[in-house]
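Chains as they are written, first to last, in our numbering: chain U, 1 to 190; chain H, 1 to 190.
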């Protein structure tokens with residue numbers, strides 16, 4: 001079974017004025033992405049955020065669903081939250097994966113631009129299915145992950161194009177589509 | 001270009017005790033699904049809800065983004081909201097499509113069970129791309145659309161299976177995955 005991990009990156013992120021900022025954690029990013037990740041057998045969903053007060057906020061939400069009232073009344077939510085892991089930066093996520101897998105993961109993200117290491121969805125799907133190596137798929141918030149950091153990643157996925165010219169998918173939708181393309185049971189027959 | 005419409009159904013819906021209820025409209029269902037639908041060139045996104053006070057709530061949200069402060073500062077959100085259409089039931093959505101297209105749409109939904117008219121994603125993808133007929137893809141909230149109503153639909157899509165046994169995708173993620181499977185530019189080469 002492929003060892004796939006995902007991470008939602010809140011720093012270093014561009015805002016709409018191309019400045020580097022830390023974005024806020026949102027409740028829906030925790031909930032929706034945890035459920036989607038659990039559906040596609042993601043081993044851990046790292047919420048990557050440098051600020052301690054935001055980490056505390058996230059922990060309160062997680063504890064409510066893990067140990068409190070929420071978990072008793074919504075066991076499926078509790079199960080989704082069991083894969084959550086709050087870390088302060090990308091390096092810490094990589095180290096956690098190394099501890100679990102005994103191997104350094106390949107790091108993948110998406111970007112609207114084309115890079116020398118840009119890879120297609122079908123090629124990455126094959127790699128994940130056949131190579132005995134963990135993968136960490138990172139998703140940016142705001143206007144995307146800072147360029148210097150992106151240069152250290154192993155693969156950049158092609159952007160998701162709809163049939164038209166509008167391209168402002170919520171990150172929650174992008175995660176769902178990308179995990180389906182990379183990890184679904186094959187649904188197409190052509 | 002295929003004429004595809006979607007609708008989010010809030011009545012008649014099962015709750016977890018198998019009772020028929022009207023579900024509440026949620027702000028995130030309006031926002032996330034509008035942006036995903038606009039990305040995949042959906043002609044209209046019908047929010048199907050029978051209660052007038054909920055319709056008023058939705059209209060306030062929509063107007064903020066269409067005409068108010070929100071639309072000026074987030075033009076991409078304004079554009080996504082331009083495809084929203086609030087209607088009181090499925091029949092009204094069908095009539096609106098008939099007015100626009102001059103044809104009755106095929107109605108499609110998803111369900112965990114298998115029906116005589118269950119269809120695969122690749123077969124429906126081909127139909128939408130090649131037939132000169134509008135399609136209305138309906139998504140249930142809560143624990144799904146009531147059985148008697150489902151019997152009148154033309155096609156039922158197979159459920160989305162992840163590689164594991166957990167199957168509690170948020171409706172917002174299900175919409176993203178299904179529109180990608182049915183309407184994306186082809187991304188697989190096999």
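Glycine included, each C-beta is placed from N, C-alpha and C at the ideal position.
Where does residue i land, buried or exposed, given buried means 16+ other C-beta within 10 angstroms?
i	result
residue 129 of chain H	exposed
residue 125 of chain H	buried
residue 49 of chain H	buried
residue 75 of chain U	exposed
residue 38 of chain U	buried
residue 184 of chain H	buried
residue 132 of chain H	exposed
residue 144 of chain U	buried
residue 151 of chain U	exposed
residue 102 of chain H	exposed
residue 180 of chain H	buried
residue 162 of chain U	buried
residue 4 of chain U	buried
residue 80 of chain H	buried
residue 24 of chain H	exposed
Should residue i be flagged as near chain U, meaning a C-beta pair shorter than 8 angstroms?
i	result
residue 69 of chain H	no
residue 121 of chain H	yes
residue 201 of chain H	With chain H covering 1 to 190 only, the question about residue 201 of chain H has no answer from this structure.
residue 76 of chain H	yes
residue 112 of chain H	no
residue 58 of chain H	no
residue 173 of chain H	yes
residue 167 of chain H	yes
Is there a Cβ of chain H sitting closer than 8 angstroms to that of residue i, yes or no?
i	result
residue 17 of chain U	no
residue 177 of chain U	yes
residue 192 of chain U	The requested residue 192 of chain U is not part of the displayed model; chain U covers only 1 to 190.
residue 170 of chain U	yes
residue 185 of chain U	yes
residue 79 of chain U	yes
residue 63 of chain U	no
Which partner residues does residue i have in the DSSP bridge list?
i	result
residue 140 of chain H	H:9
residue 106 of chain U	U:135
residue 46 of chain U	U:7, U:85
residue 145 of chain H	H:13
residue 169 of chain H	Answer is none; residue 169 of chain H lacks a bridge partner.
residue 118 of chain U	U:156
residue 62 of chain U	BP columns for residue 62 of chain U are empty, so no partner.
residue 20 of chain U	U:14
For residue i, is the beta carbon positioned less than 7 angstroms from some heavy atom of the ligand NAP?
i	result
residue 78 of chain H	The ligand NAP is not among the ligands present in this structure, which contains no ligands whatsoever.
Next on the checklist: Give me the subset of the segment 22-53 of chain U whose CB atoms are less than 7 angstroms from a CB atom of chain H, sorted by chain position.
Outcome noted: Cβ contacts with chain H come from 28, 32, 35, 36, 38, 39, 40, 41.
Checklist entry - Name the residues in the segment 141-165 of chain U whose C-beta lies less than 7 angstroms from a C-beta of chain H; which are they? => result For chain H, the residues of the segment 141-165 of chain U that bring a beta carbon within less than 7 angstroms of one of its beta carbons are 161, 162, 163, 164, in chain order.
Checklist entry - For the 8 angstroms Cβ check, are there 3 or more pairs between the segment 29-38 of chain H and the segment 162-174 of chain H? => result Because the criterion of three Cβ pairs below 8 angstroms is met, the segment 29-38 of chain H and the segment 162-174 of chain H touch.
Next on the checklist: With three or more C-beta pairs closer than 8 angstroms as the rule, is the segment 71-91 of chain H touching the segment 37-51 of chain H?
Outcome noted: These segments touch.
Next on the checklist: Is it the case that the segment 54-71 of chain U contacts the segment 16-27 of chain H, given that we only count it when at least three CB pairs across the two stretches are under 8 angstroms?
Outcome noted: No, because fewer than three Cβ pairs between the segment 16-27 of chain H and the segment 54-71 of chain U fall closer than 8 angstroms, the two stretches do not touch.
Next on the checklist: Below 8 angstroms, how does it come out for the segment 153-166 of chain U and the segment 99-119 of chain U: are there three or more Cβ pairs, yes or no?
Outcome noted: As far as the Cβ criterion goes, the segment 153-166 of chain U touches the segment 99-119 of chain U, which means the pair count is three or higher.
Item to check | Meets three-Cβ-pair contact criterion under 8 angstroms: the segment 6-16 of chain H and the segment 139-155 of chain H | outcome: With three or more CB-CB distances shorter than 8 angstroms, the segment 6-16 of chain H counts as touching the segment 139-155 of chain H.
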